[in-house]
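Engineer: Chains as they are written, first to last, in our numbering: chain X, 2 to 351; chain W, 2 to 351; chain A, 2 to 351.
Even glycine gets a Cβ: it sits at the ideal position worked out from N, Cα and C.
Note that this is a predicted model, so its numbers are computed, not measured.
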Amino acid sequence: MQVSFTAADIAAITQPKSMRGATSESIRGLAALADASAGDLTFLGNPKYKSAVAGTRASVVLLPADFVGEPAPGQLFLLVENPSVALARVCARIEQWLWPKPAPGVHPSASVAADARIAATATIGPLCVIEAGAVIGERVHVQAQVFVGRNAVVGDDSWLMPGVVVEAECEIGRRVRLQPGVVIGSDGFGYEFVQGRHEKVPQVGNVVIGDDVEIGANTTIDRARFSRTTIGEGTKIDNLVQIAHNVRIGRHCLICAQVGISGSATLEDCVVLGGQAGVAGHITIGKGVKAGGRAGLNADLAPGSFVTGNPAIPVMLDRRIAVLNQRLPELFRRVGTLEEQLADAKKSSS
Amino acid sequence: MQVSFTAADIAAITQPKSMRGATSESIRGLAALADASAGDLTFLGNPKYKSAVAGTRASVVLLPADFVGEPAPGQLFLLVENPSVALARVCARIEQWLWPKPAPGVHPSASVAADARIAATATIGPLCVIEAGAVIGERVHVQAQVFVGRNAVVGDDSWLMPGVVVEAECEIGRRVRLQPGVVIGSDGFGYEFVQGRHEKVPQVGNVVIGDDVEIGANTTIDRARFSRTTIGEGTKIDNLVQIAHNVRIGRHCLICAQVGISGSATLEDCVVLGGQAGVAGHITIGKGVKAGGRAGLNADLAPGSFVTGNPAIPVMLDRRIAVLNQRLPELFRRVGTLEEQLADAKKSSS
Amino acid sequence: MQVSFTAADIAAITQPKSMRGATSESIRGLAALADASAGDLTFLGNPKYKSAVAGTRASVVLLPADFVGEPAPGQLFLLVENPSVALARVCARIEQWLWPKPAPGVHPSASVAADARIAATATIGPLCVIEAGAVIGERVHVQAQVFVGRNAVVGDDSWLMPGVVVEAECEIGRRVRLQPGVVIGSDGFGYEFVQGRHEKVPQVGNVVIGDDVEIGANTTIDRARFSRTTIGEGTKIDNLVQIAHNVRIGRHCLICAQVGISGSATLEDCVVLGGQAGVAGHITIGKGVKAGGRAGLNADLAPGSFVTGNPAIPVMLDRRIAVLNQRLPELFRRVGTLEEQLADAKKSSS
Numbered sequence: 002m003q004v005s006f007t008a009a010d011i012a013a014i015t016q017p018k019s020m021r022g023a024t025s026e027s028i029r030g031l032a033a034l035a036d037a038s039a040g041d042l043t044f045l046g047n048p049k050y051k052s053a054v055a056g057t058r059a060s061v062v063l064l065p066a067d068f069v070g071e072p073a074p075g076q077l078f079l080l081v082e083n084p085s086v087a088l089a090r091v092c093a094r095i096e097q098w099l100w101p102k103p104a105p106g107v108h109p110s111a112s113v114a115a116d117a118r119i120a121a122t123a124t125i126g127p128l129c130v131i132e133a134g135a136v137i138g139e140r141v142h143v144q145a146q147v148f149v150g151r152n153a154v155v156g157d158d159s160w161l162m163p164g165v166v167v168e169a170e171c172e173i174g175r176r177v178r179l180q181p182g183v184v185i186g187s188d189g190f191g192y193e194f195v196q197g198r199h200e201k202v203p204q205v206g207n208v209v210i211g212d213d214v215e216i217g218a219n220t221t222i223d224r225a226r227f228s229r230t231t232i233g234e235g236t237k238i239d240n241l242v243q244i245a246h247n248v249r250i251g252r253h254c255l256i257c258a259q260v261g262i263s264g265s266a267t268l269e270d271c272v273v274l275g276g277q278a279g280v281a282g283h284i285t286i287g288k289g290v291k292a293g294g295r296a297g298l299n300a301d302l303a304p305g306s307f308v309t310g311n312p313a314i315p316v317m318l319d320r321r322i323a324v325l326n327q328r329l330p331e332l333f334r335r336v337g338t339l340e341e342q343l344a345d346a347k348k349s350s351s
Numbered sequence: 002m003q004v005s006f007t008a009a010d011i012a013a014i015t016q017p018k019s020m021r022g023a024t025s026e027s028i029r030g031l032a033a034l035a036d037a038s039a040g041d042l043t044f045l046g047n048p049k050y051k052s053a054v055a056g057t058r059a060s061v062v063l064l065p066a067d068f069v070g071e072p073a074p075g076q077l078f079l080l081v082e083n084p085s086v087a088l089a090r091v092c093a094r095i096e097q098w099l100w101p102k103p104a105p106g107v108h109p110s111a112s113v114a115a116d117a118r119i120a121a122t123a124t125i126g127p128l129c130v131i132e133a134g135a136v137i138g139e140r141v142h143v144q145a146q147v148f149v150g151r152n153a154v155v156g157d158d159s160w161l162m163p164g165v166v167v168e169a170e171c172e173i174g175r176r177v178r179l180q181p182g183v184v185i186g187s188d189g190f191g192y193e194f195v196q197g198r199h200e201k202v203p204q205v206g207n208v209v210i211g212d213d214v215e216i217g218a219n220t221t222i223d224r225a226r227f228s229r230t231t232i233g234e235g236t237k238i239d240n241l242v243q244i245a246h247n248v249r250i251g252r253h254c255l256i257c258a259q260v261g262i263s264g265s266a267t268l269e270d271c272v273v274l275g276g277q278a279g280v281a282g283h284i285t286i287g288k289g290v291k292a293g294g295r296a297g298l299n300a301d302l303a304p305g306s307f308v309t310g311n312p313a314i315p316v317m318l319d320r321r322i323a324v325l326n327q328r329l330p331e332l333f334r335r336v337g338t339l340e341e342q343l344a345d346a347k348k349s350s351s
Numbered sequence: 002m003q004v005s006f007t008a009a010d011i012a013a014i015t016q017p018k019s020m021r022g023a024t025s026e027s028i029r030g031l032a033a034l035a036d037a038s039a040g041d042l043t044f045l046g047n048p049k050y051k052s053a054v055a056g057t058r059a060s061v062v063l064l065p066a067d068f069v070g071e072p073a074p075g076q077l078f079l080l081v082e083n084p085s086v087a088l089a090r091v092c093a094r095i096e097q098w099l100w101p102k103p104a105p106g107v108h109p110s111a112s113v114a115a116d117a118r119i120a121a122t123a124t125i126g127p128l129c130v131i132e133a134g135a136v137i138g139e140r141v142h143v144q145a146q147v148f149v150g151r152n153a154v155v156g157d158d159s160w161l162m163p164g165v166v167v168e169a170e171c172e173i174g175r176r177v178r179l180q181p182g183v184v185i186g187s188d189g190f191g192y193e194f195v196q197g198r199h200e201k202v203p204q205v206g207n208v209v210i211g212d213d214v215e216i217g218a219n220t221t222i223d224r225a226r227f228s229r230t231t232i233g234e235g236t237k238i239d240n241l242v243q244i245a246h247n248v249r250i251g252r253h254c255l256i257c258a259q260v261g262i263s264g265s266a267t268l269e270d271c272v273v274l275g276g277q278a279g280v281a282g283h284i285t286i287g288k289g290v291k292a293g294g295r296a297g298l299n300a301d302l303a304p305g306s307f308v309t310g311n312p313a314i315p316v317m318l319d320r321r322i323a324v325l326n327q328r329l330p331e332l333f334r335r336v337g338t339l340e341e342q343l344a345d346a347k348k349s350s351s
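(1) Could you name the residues that DSSP lists as bridge partners for His246 of chain W?
(2) Mapping DSSP to helix, strand and coil, what is Val113 of chain A?
(3) Over the uninterrupted alpha helix (DSSP H) stretch that includes Leu390 of chain X, give me the two end residues.
(4) Pop quiz: Ala87 of chain W and Ala59 of chain W are said to be a contact at Cβ under 8 Å. What is the actual Cβ separation, rounded to whole angstroms?
(5) If you draw a straight line from the C-alpha of Asp157 of chain A to the C-alpha of Glu139 of chain A, how long is it?
(6) Less than 6 Å between C-beta atoms, sequence neighbours within five positions excluded: which residues of the same chain meet that for Arg151 of chain W?
(7) Is Leu343 of chain X helix, strand or coil by DSSP?
(8) With three or more C-beta pairs closer than 8 Å as the rule, is the segment 231 to 247 of chain W touching the segment 245 to 256 of chain A?
(9) With a threshold of 8 Å between beta-carbons, can Asp223 of chain X be considered close to chain W, or not?
(10) Would you list, in chain order, the members of the segment 171 to 190 of chain A that have their beta-carbon closer than 9 Å to a beta-carbon of chain W?
(11) Pull up the distance between the alpha-carbon of Leu64 of chain W and that of Gly56 of chain W, whole angstroms please.
(12) Can you give the Cα-Cα distance for Cys129 of chain W and Pro181 of chain X, rounded to whole angstroms?
(13) Along the beta strand (DSSP E) that carries Asp41 of chain X, what are the first and last residues, could you check?
(14) So what does DSSP say about Leu79 of chain X, is it helix, strand or coil?
(15) Can you look up Lys201 of chain A in the DSSP assignment and give me helix, strand or coil?
(16) Select from the segment 267 to 290 of chain W all residues with a C-beta closer than 8 Å to any C-beta belonging to chain A, and list them in chain order.
(17) Just checking: is the beta-carbon of Phe227 of chain W within a distance shorter than 8 Å of some beta-carbon in chain A?
(18) With 8 Å set as the bound, which would you pick, yes or no: does the beta-carbon of Leu255 of chain X sit closer than that to a beta-carbon of chain A?
(19) Taking a Cβ distance cut-off of 7 Å, strictly less, list which residues of the segment 117 to 146 of chain W are near chain D, in chain order.
(20) Between the beta-carbon of Val136 of chain W and the beta-carbon of Ile125 of chain W, is there less than 8 Å?
(21) Taking Cβ positions, are Arg229 of chain W and Val205 of chain W nearer each other than 8 Å?
(22) Measuring alpha carbon to alpha carbon, tell me which of A:Pro103, A:Gly294, A:Glu269 ends up nearest Gln259 of chain A.
(23) Can you find a C-beta in chain W that's less than 8 Å from the C-beta of Phe307 of chain X?
(24) Would you mind telling me which residues of chain A sit closer than 7 Å to Pro330 of chain X, beta carbon to beta carbon, in chain order?
(25) With the cut-off set at 8 Å, would you say Leu339 of chain W and Leu329 of chain A are in Cβ contact?
(26) Is Ala153 of chain X close to chain A, meaning its C-beta is less than 8 Å from at least one C-beta of that chain?
(27) Which term fits Ala121 of chain X, buried or exposed, when burial requires 16 or more other beta carbons within 10 angstroms of its beta carbon?
(28) Under a CB-based cut-off of 8 Å, is Arg334 of chain A close to chain X?
(29) Looking at the structure shown, is Leu241 of chain W part of a helix, part of a strand, or coil, going by DSSP?
(30) Below 8 Å between beta carbons: does that hold for Gly287 of chain W and Leu298 of chain W?
(31) Please confirm whether Thr221 of chain W and Gln243 of chain W have their CB atoms less than 8 Å apart.
(32) Can you list, in chain order, the residues of its chain whose CB lies under 7 Å from that of Pro105 of chain W, leaving out five sequence neighbours each side?
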């Protein structure tokens, strides 16, 4: 990171109630208390790390207003109402700097169909392709080398990062972020086995993505066989996730990396799936279900369930079985001993 | 979907034996019986849903010729020989509309080597790169932002969707569809550990893909160390699948999403692998083997096997063990009880 | 492969101690002893395959200097100090031919910011985007349709293959190879659940990749929340791997395909993770740990551990449990029998 703030900049952003000490270092990085060195900003976000403050080598430390202690020489303490909130303000400033607002307009190297409708406030970056009939909303940022297919719609304030593909007819909501390499609207995986060959079932539906959705790098979402594959408002999806055709995902779900969701599965609102979990086809995962990493969900789950394991079962049972599994060698020995004892008992009693 | 058919259009496509009722709605979507609303086409594909016909709100319903029942007001019944076939005809029509045949020729923004051989009937879309010596067959559609490397060959009637990468020397058959973001011919993962470092083993083979293969979005297929990685005719591969170097996949296989196949594994013809399954290196999976989702195949499998679980075992055994596993707490209790009873018995007999 | 060598070319490259026989075939391929046909080069790399030499149909065979046996008619034996080393020399020659050194310079179709710093010896291929402030080192090959974001740095002699995305501020070392579709610096997956919605935690760190790292096709590496996600020198990463924000990977690790590593996990040096393994967040995997394919690492592991299974446990225990698991039906029967016998014994003794 080539960030550079003065101590005064940080104070202006975080609005401390008071300060202790001083530093002449410019702030060029952010780091945890224990990892920080001169030129870093750090913070005490969790009181349990209070003792680490004395040892930190950061030049500026964000601390709760009631913190007791003095800075080292060349170190500045900023005492704020909430160090986490203060840090978030610094990060938001850095984010603006990392990702400056692009100027509106279409880059001359982009290939834009004559009848695509591009809002005047939108930015179409270098080497993008926008096909016929596509609609690009206000302040949308189509960053670079992005493909937007025929009649696709991208809602206001969305951001399509480099290499994103949005296939024909798909609809992206407002304030959606698609990380690099995302594919929206690839064909669903549907075939009929006819006379020894897999005949393709046409996939003529689309994908509809709600407002405030974020989708991680190289994730793929298939278009529906017909009708639509849907991702509800506010849902966040991590990298390398596979979402098959006709899946319906509710609002405010969290889908961690490398999850796979099979065709026609339904996730109700606020479902959380840990990394590498899998969901079988045609099942319904109830509202607020939580599934651990690598869980294999192969049947309907009632709202509010918390499951782990493969096949996924309630977390407490799964943990207990994991422990008992490791005791199987012992159990086999115990049963063997019982069998011997019983055989001896029989012998001696006969 | 911005489909729009009149009822007369649908009748012309599906050639019904008879009709009942009438609708003035234009048909703008396809949906299942229970989900359909006015303006939708629906169908009765499976007799077990017969009772849902009475309640459907679709404007046009495809029904078997012997269906008994009357349409609601403003609803049209089309009685056809096979509703599924009739629907497929409508979908095929929509598919043509979704993906109109592109005009042949090379887009001016594409970067095509002087000595690449492009058939006159092929289409090279915007911002594609075709390198020296590459051969693009008749009616091939290289859609947009695609890379075709040196001396690679793409067979007649194939379709490379946006962002596909076909590396140097790889060979793609006829009527092959590569979904967006597919990578063909990345280096195999081969190193030798020499003096504390991993030295790269050159990967100088290629990938050869048979006719009528389809490969899903962001799937990766590595080039062979030497010789070739092969995908047999008619095999269909889903999204985010990894196929390592020197793998040999037979004809008419189905490989679901997120499967990983390790180096030098062989799949014979008609193998079906469920989502997120894994295949170890250097093993052979016999003809017609079926493996469930998330199965871990770590040894040769005889033709026709049906396995699940990790490590994969015959499906009936795996299911039985899954049930017994959940009864482990009970089994431990039962063994504890036996031990107590035997200890009591001993005590009382001594 | 459209390789073509004469037998004399192969001899010149491999410098044999002696030769037996002769061939007039041109060498157009490489294959294993059993698979080779006329026009192929093969080799005896492992003495246990010695008996396969007599049956090979290869035109040229690399053999150890002390090999006893005569070539078939039209077959040439080259007796060399080390056949594997000799083969590697041939492969290295093919590699140069497969991937000829590109001429330095910026392709006219690339979009390069005025203030990007591109070394005079670097190659920027067609349709690449290099943003403001980016630094491209000596002899770097940015192949085609690659994106290098603002202020990103690519070290000397690195090679970015088609479709690679390196986001703003990320740092790539020297002699790094990024296979097609790699994404470096996508946002980490971090949200806070506030009033029923997931609020994005800004991800303002970067990714720092050491020298001699290789990263497989469509793999994704997220930028840190703040500070950096790091990949140590000499580490090799396969295809479709997910590395989350703030992960720290040591030097000379091997990460096989489809592995997922969760946020803030640490891998020390020389860790080896089999395909589809998963690592939980915030844990430390000690130096030299080996984990089998599909292992689920959910707790710290001491240096040198060898684990398999999910949750991962020491390999010997995991294997024993896998065997005992398959004997569960038997164990349940044995316990049932014991219960009956004890009930009978009680009855008869009462």
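Structural biologist: Once the coordinates are examined:
(1) The partner list for His246 of chain W (beta bridge, DSSP) is empty, contrary to what the question assumes.
(2) Correct three-state label for Val113 of chain A: strand.
(3) Look at the range of chain X in this structure, 2 to 351, and you will see that residue 390 of chain X is not part of it.
(4) Under the criterion of beta carbons closer than 8 Å, Ala87 of chain W and Ala59 of chain W do not qualify as touching, at roughly 14 Å.
(5) Looking at the two C-alpha atoms, the distance is approximately 5 Å.
(6) The residues Glu132, Ala133, Gly134, Ala169, in chain order, have a CB closer than 6 Å to that of Arg151 of chain W in the same chain once the five nearest residues on each side in sequence are set aside.
(7) DSSP places Leu343 of chain X within a helical segment (H, G or I) once states are collapsed to three.
(8) Touching, no.
(9) By this cut-off, Asp223 of chain X is an interface position.
(10) Answer in chain order: Arg178, Gln180, Pro181, Gly182.
(11) Cα-Cα distance, rounded: 14 Å.
(12) Answer to the nearest angstrom: the Cα atoms are 18 Å apart.
(13) Run containing Asp41 of chain X: 41 to 44, per the beta strand (DSSP E) assignment.
(14) Strand.
(15) Reduced to three states, the DSSP call for Lys201 of chain A is strand.
(16) Cβ contacts with chain A: Gln277, Gly279, Ala281.
(17) Answer yes: the Cβ-Cβ gap between Phe227 of chain W and chain A drops below 8 Å somewhere.
(18) Leu255 of chain X counts as touching chain A.
(19) The question asks about chain D, but that chain is absent: this structure's protein chains are X, W and A.
(20) If you check the CB distance, Val136 of chain W and Ile125 of chain W do not come in under 8 Å.
(21) For the 8 Å CB-CB criterion, Arg229 of chain W and Val205 of chain W do not form a contact.
(22) Closest by alpha carbon: A:Gly294.
(23) No, no contact with chain W.
(24) Residues of chain A passing the Cβ test: Arg321, Leu325.
(25) Leu339 of chain W is not a Cβ neighbour of Leu329 of chain A, given a cutoff of 8 Å.
(26) With its beta carbon at least 8 Å from every one in chain A, Ala153 of chain X lies outside the interface.
(27) With fewer than 16 other Cβ atoms within 10 Å, it is exposed.
(28) Not one chain X Cβ lies under 8 Å of Arg334 of chain A.
(29) Reduced to three states, the DSSP call for Leu241 of chain W is coil.
(30) No.
(31) Yes, these two residues count as a Cβ contact at 8 Å.
(32) Correct list, in chain order: Ala121, Thr122, Ala123, Thr124.
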